[in-house]
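K.L.:
Residues in the sequence shown are numbered consecutively from 106, following this note's numbering.
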Amino acid sequence: PACAVRRVANMPQLARAVVELQAAGAGSVTVQLLANMSVGGEGGADVLGGWPGGGGGAPDAAPAAPVSAHTALHVYTNLTLTGGGGPGGYGGGSHLRDDWVWGNLMGRPGAGPQARPCVELDFGLHRFLLWLQGNTSTVTFQGLTLANLPRGPDSVFPISLILTSMWPLAYTRLLSGPASRRVVLSNVTLMVPEDLVSYTAYWTGISASPVGSVRGTGSWNGSMVNGTLAVSPDGSSLAMARVDNLQSAWRNLTLTSAPCHAPPLMPSSGLMQMVPGAPLTSAGKVSGAGSAAELLRYLQDPPTPYVVLTANISLARADLAAVLLAGNATEDASTGRPAMITVTAPVTIIGAWDRPTLLDLGGEAALLQLSLPPGQQVSLKRLTLAGLAPALDWQTLPQYVNTTLNDLWAFEFPRGRNSLYLENVSLLVPPREAAAMLLVRDPANTSLLLDPAPAPLDLLPDGATWLRAWAAVQQLGDARVPAAPNIRLHRRLQED
């Protein structure tokens, strides 16, 4: 048949309808949802299991196919999922009342929450449930409320945080090239975290600006906006009459943070916390690094001013082996150590906002050469630094102690320039150094610096001399110490 239609009342029925109607050779398939349904409820988790992978793919495109294809529904024809009529609904599921989008947001009489599409599909934060095969099939959501949309995989950060990219669908996502429509949202409400509403309102508005220079700052968004944007007075909802992207089309789309049926499972999309202190930072200025190779590549040739670590990363020699072979760094033949990797442009390396992120410097000194002009910095934020090393002999003057790890000797730079900036960073140091630092930084303990050294200060061989010299450097405000507000000090769990 040219077109096949089926009504369903639960998730297993929906899955069977998609499979059976496509198998019957229908040119297009329409499935009408007669009731609220949720992935993970009513047997849905068994039928529509999430894509267990989630990684892979180039930074500018999501994987084209699931890691385990049998856990996703294959879609190889045009598929429409539409809502059903019923009490408080709009009848037939094809169109909302003409005034709903604008009336609901602008406070016109007769418009209210009951005017929202009355059937809700709750994705339960599962991604890649529908696998769009080939390059021509399109999925249309029509007359539905879509709840609990998932984030995308870390491999496509930060686009992964933009939930309107519809990560329940698996297909190759493009940032450039000819338009190829894969997703249509028509008369749909997306229930999303409040920060995504604010972020989308701002950048979609920028993309719609009549001023070319302003519109250009939102070019990363790839949106071509036609028609009116409306934001509710309290900022909790955004309505868009018409938005065309490279691979998607929105018609009368509403984003709201107000739940309809299913409780929200994600308090924040992460977009507003992506860059500390800059909640509306363009996603086009942020890159994601999930490996040592990616991090080092971005340090040497930063494509964006911000790099967010999407995984714990180690720069230990064993972990750098593949990077060395790839030519991103070299080994110093005279020492057998990795040669310094030169950083020439300011860049901010940031840990993930929703979980602790570890950067292991591999116990190497002079690993990164910061060759930045005066006044420019490499910044580290929201990170835990491990694998700190003492200075090499040539990194300090003879009269300076060089056994402390907290001076971050992996970074080589003229210490008078403050080329390194730390904010909300934890340093993992040996227990002896942690104890010494805590003693020295406590003004009540200054008398303990006098000979003979009391027992608590006998931390290292010739502990009193070492500590007294280290304290003098710190108390003089030595320029070797990088500017580092909000540094937290942690002891290692075991003795070295």
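Ideal placement from N, C-alpha and C gives every residue a C-beta, glycine not left out. As the structure is a prediction and not an experimental result, all values here were calculated from the model.
Within the chosen definition, does the stretch 289–299 reach the stretch 237–249 through at least 3 CB pairs nearer than 8 Å?
P.N.:
At 8 Å Cβ cutoff, the stretches touch.
K.L.:
Per the DSSP calculation, residue 126 is bridged to which residue(s)?
P.N.:
As a position in the sequence shown, residue 126 is number 21, starting the count at 1. Note: residue 126 sits in no beta bridge, so no partner.
K.L.:
Please return the same chain residues whose Cβ sits closer than 6 Å to the Cβ of residue 580, not counting the five positions on each side in sequence.
P.N.:
Translated into positions along the sequence shown, residue 580 becomes position 475. At residue 580, the pLDDT of 42 sits below 50, so the modelled position is not reliable; the number obtained from the coordinates is stated separately. Nothing meets the Cβ criterion.
K.L.:
Helix, strand or coil for residue 387, going by three-state DSSP, please let me know.
P.N.:
Counting from one through the sequence shown, the residue named residue 387 turns up at place 282. Coil, per DSSP.
K.L.:
Contact check, residue 254 vs residue 272 under 8 Å by CB: the rounded distance?
P.N.:
Start at 1 with the first residue of the sequence shown, and residue 254 comes out as number 149. Start at 1 with the first residue of the sequence shown, and residue 272 comes out as number 167. 7 Å between Cβ atoms; contact.
K.L.:
Does the beta-carbon distance from residue 134 to residue 184 come in below 8 Å?
P.N.:
Your numbering for residue 134 matches position 29 in the sequence shown. Your numbering for residue 184 matches position 79 in the sequence shown. Cβ atoms of residue 134 and residue 184: closer than 8 Å.
K.L.:
Report the three-state DSSP secondary structure of residue 249 (helix, strand or coil).
P.N.:
By one-based count along the sequence shown, residue 249 stands at place 144. Residue 249 falls in the coil class under three-state DSSP.
K.L.:
Quick one: Cα of residue 372 to Cα of residue 307, how far?
P.N.:
Taking the first residue of the sequence shown as 1, we reach residue 372 at position 267. Taking the first residue of the sequence shown as 1, we reach residue 307 at position 202. Their backbone Cα atoms lie some 20 Å apart in a straight line.
K.L.:
Is there contact between the stretch 272–284 and the stretch 330–346, where contact requires at least three CB pairs shorter than 8 Å?
P.N.:
Judged by Cβ distances under 8 Å, the stretch 272–284 makes no contact with the stretch 330–346, as fewer than three pairs qualify.
K.L.:
Taking 8 Å as the threshold, find out whether the stretch 471–484 comes into contact with the stretch 445–456 through three or more Cβ pairs.
P.N.:
Short answer: they touch.
K.L.:
Which partner residues does residue 108 have in the DSSP bridge list?
P.N.:
Translated into positions along the sequence shown, residue 108 becomes position 3. Note: residue 108 sits in a beta bridge opposite 133.
K.L.:
Who are the near neighbours of residue 370 in its chain, counting only those whose CB is closer than 6 Å to its CB and skipping five residues on each side?
P.N.:
Locating residue 370 in the sequence shown gives position 265, where the first residue counts as 1. Around residue 370: 230 and 253.
K.L.:
Kindly indicate which three-state DSSP category residue 241 falls into: helix, strand or coil?
P.N.:
Counted from its first residue, the sequence shown places residue 241 at position 136. Residue state, collapsed to three classes: coil.
K.L.:
Which residue's Cα is closest to the Cα of residue 118: 144, 108 and 107?
P.N.:
For the purposes of this step, residue 118 is taken as residue 13 along the sequence shown, with counting starting at 1. Per the Cα distances, 144.
K.L.:
Measuring only the C-alpha atoms, how far is residue 108 from residue 129?
P.N.:
The count along the sequence shown starts at 1 and reaches residue 108 at position 3. The count along the sequence shown starts at 1 and reaches residue 129 at position 24. Rounded to whole angstroms, residue 108 to residue 129 spans 10 Å at the Cα level.
K.L.:
Contact between the stretch 483–495 and the stretch 461–470: three or more CB pairs below 8 Å?
P.N.:
At 8 Å Cβ cutoff, the stretches touch.
K.L.:
Straight-line CA distance for residue 531 to residue 351?
P.N.:
Taking the first residue of the sequence shown as 1, we reach residue 531 at position 426. Taking the first residue of the sequence shown as 1, we reach residue 351 at position 246. Those two C-alpha atoms are separated by around 42 Å.
K.L.:
So what does DSSP say about residue 376, is it helix, strand or coil?
P.N.:
The residue given as residue 376 occupies position 271 in the sequence shown. Three-state DSSP puts residue 376 in coil, outside helix and strand.
K.L.:
If you compare alpha carbons, which of 411, 496 and 451 is closest to residue 263?
P.N.:
Numbered from 1 along the sequence shown, position 158 holds the residue referred to as residue 263. Comparing Cα-Cα distances from residue 263 to each of 411, 496 and 451, the minimum goes to 411.
K.L.:
Sort 397, 186 and 389 by Cα distance to residue 115 and report the nearest one.
P.N.:
For the purposes of this step, residue 115 is identified with residue 10 of the sequence shown, where counting begins at 1. Minimum Cα distance to residue 115 is reached at 186.
K.L.:
How is the beta strand (DSSP E) around residue 411 delimited, first residue to last?
P.N.:
Within the sequence shown, residue 411 is the residue found at index 306, counting from 1. 411–414 is the span of the beta strand (DSSP E), which, as asked, contains residue 411.
K.L.:
So, with DSSP's three-state summary, where would you put residue 289?
P.N.:
Taking the sequence shown and counting its residues from 1, the one referred to as residue 289 is at position 184. Correct three-state label for residue 289: strand.
K.L.:
So residue 400 and residue 418 are supposed to be a Cβ contact under 8 Å. How far apart are they, rounded?
P.N.:
Counted from its first residue, the sequence shown places residue 400 at position 295. Counted from its first residue, the sequence shown places residue 418 at position 313. Contact flag correct, Cβ pair sits at about 6 Å.
K.L.:
In angstroms with no decimal places, state the Cα-to-Cα distance between residue 287 and residue 540.
P.N.:
Along the sequence shown, one-based indexing puts residue 287 at 182. Along the sequence shown, one-based indexing puts residue 540 at 435. Approximately 59 Å between the Cα atoms of the pair.
K.L.:
Since residue 498 is in the beta strand (DSSP E), which residue starts that stretch and which ends it?
P.N.:
Walking along the sequence shown from the start, residue 498 turns up at place 393. That residue, residue 498, is in no beta strand (DSSP E); it is neither H nor E in DSSP.
K.L.:
Run through the stretch 313–342 for me and flag every whole alpha helix (DSSP H) of 4 or more residues, listed as ranges in chain order.
P.N.:
As far as the stretch 313–342 is concerned, its whole alpha helix (DSSP H) runs of at least 4 residues are 317–321.
K.L.:
Which of the three DSSP states is assigned to residue 311 in this structure?
P.N.:
Taking the first residue of the sequence shown as 1, we reach residue 311 at position 206. Note: residue 311 maps to helix in three-state DSSP.
K.L.:
Rounded to whole angstroms, what is the Cα-Cα separation between residue 266 and residue 394?
P.N.:
Translated into positions along the sequence shown, residue 266 becomes position 161. Translated into positions along the sequence shown, residue 394 becomes position 289. Cα to Cα, residue 266 sits roughly 15 Å from residue 394.
K.L.:
Quick check on DSSP: helix, strand or coil for residue 533?
P.N.:
Along the sequence shown, read from residue 1 onward, the residue named residue 533 stands at position 428. Residue state, collapsed to three classes: strand.
K.L.:
In terms of residue numbering, what span does the alpha helix (DSSP H) encompassing residue 404 cover?
P.N.:
Taking the first residue of the sequence shown as position 1, residue 404 is located at position 299. Taken as a continuous stretch (DSSP letters only), the alpha helix (DSSP H) holding residue 404 covers 397–405.
K.L.:
Quick one: grab the DSSP three-state call for residue 265.
P.N.:
Here residue 265 refers to the residue found at position 160 when the sequence shown is read from its first residue. In the structure shown, residue 265 sits in a helix (DSSP, three-state: H, G or I).
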